[in-house]
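Here's the structure, in structure tokens; my notes come after.
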Amino acid sequence: MLQRLNAARCAVALCAVASGFAPAARSTPPRCAPARLSPDREELRGLRVKELQAELGRRNIRWQTFLEKEELVVALSQALEAEKDFSASKAMTPGKVAELTAEQVELEIQQGSTPFL
-9 MLQRLNAARC AVALCAVASG FAPAARSTPP RCAPARLSPD REELRGLRVK ELQAELGRRN
51 IRWQTFLEKE ELVVALSQAL EAEKDFSASK AMTPGKVAEL TAEQVELEIQ QGSTPFL
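Quick note: the sequence shown, position 82, residue 72 per my numbering, numbers continuous.
Have a look at this one:
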């Protein structure tokens, strides 16, 4: 019972943060934070279709025309691969604004392939 209550509390908290109704800044990550995804397709095949759709939606990738789960897996795998190689400091992701520290900026400038505006 207590585990279900904690899981429900985490789901509500994550939903509130994602929709902008709660502050996102926390000093420590929540216990229910999702693990970082890898572009490994076998790992992604283990996710539910709704989870794949949510991850694609967070990355502004249109998934509504996909009919098969494998299409979702391939699209998410490609997006994760692009994110992996996008930033040397891993602080930036494609299509998102990010605030960088001085050290992260130096690392990005040294790499030379990260696009700056």
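Virtual Cβ for every residue (Gly too), placed ideally from N, Cα, C.
Which whole-angstrom value describes the C-beta separation of leucine 34 and leucine 66, a residue pair presumed to lie in contact below a C-beta threshold of 8 Å?
As a working mapping, residue 34 is identified with position 44 in the sequence shown. As a working mapping, residue 66 is identified with position 76 in the sequence shown. Sure, about 6 Å apart at Cβ, within 8 Å.
Enumerate in chain order the residues of its own chain whose CB-to-CB distance from aspartate 30 is below 8 Å, with the five nearest sequence positions on each side excluded.
Taking the sequence shown and counting its residues from 1, one reaches residue 30 at position 40. Counting only Cβ-Cβ distances below 8 Å, and skipping sequence neighbours, we find Ser67.
Sequence-distant residues of the same chain with beta carbon closer than 8 Å to glutamate 71, five excluded per side:
The residue given as residue 71 occupies position 81 in the sequence shown. For glutamate 71, where only same-chain residues beyond five positions count, the Cβ hits under 8 Å are Pro29.
Could you round the C-beta distance between alanine 88 and alanine 81 to whole angstroms and report it? I think they count as a contact, below 8 Å.
Locating residue 88 in the sequence shown gives position 98, where the first residue counts as 1. Locating residue 81 in the sequence shown gives position 91, where the first residue counts as 1. Contact holds; Cβ gap of about 6 Å.
Cβ-based neighbour list, glutamine 94, same chain, cut-off 8 Å, excluding 5 preceding and 5 following
As a first step, residue 94 is located in the sequence shown; it is residue number 104 there, counting from the start. Contacts found: Ser79 and Ala81.
Please look up how many angstroms separate the CB atoms of glutamine 43 and leucine 62, rounded, as I've assumed it's under 8 Å.
The residue given as residue 43 occupies position 53 in the sequence shown. The residue given as residue 62 occupies position 72 in the sequence shown. Confirmed, Cβ separation roughly 7 Å.
Return the chain-ordered ranges of every alpha helix (DSSP H) run that is complete within the stretch 14 to 93 and spans a minimum of 4 residues.
31 to 35, 39 to 48 and 59 to 76
Among Ile99, Gly85, Asp75 and Lys40, which residue has its Cα nearest to the Cα of leucine 57?
The count along the sequence shown starts at 1 and reaches residue 57 at position 67. Closest by alpha carbon: Lys40.
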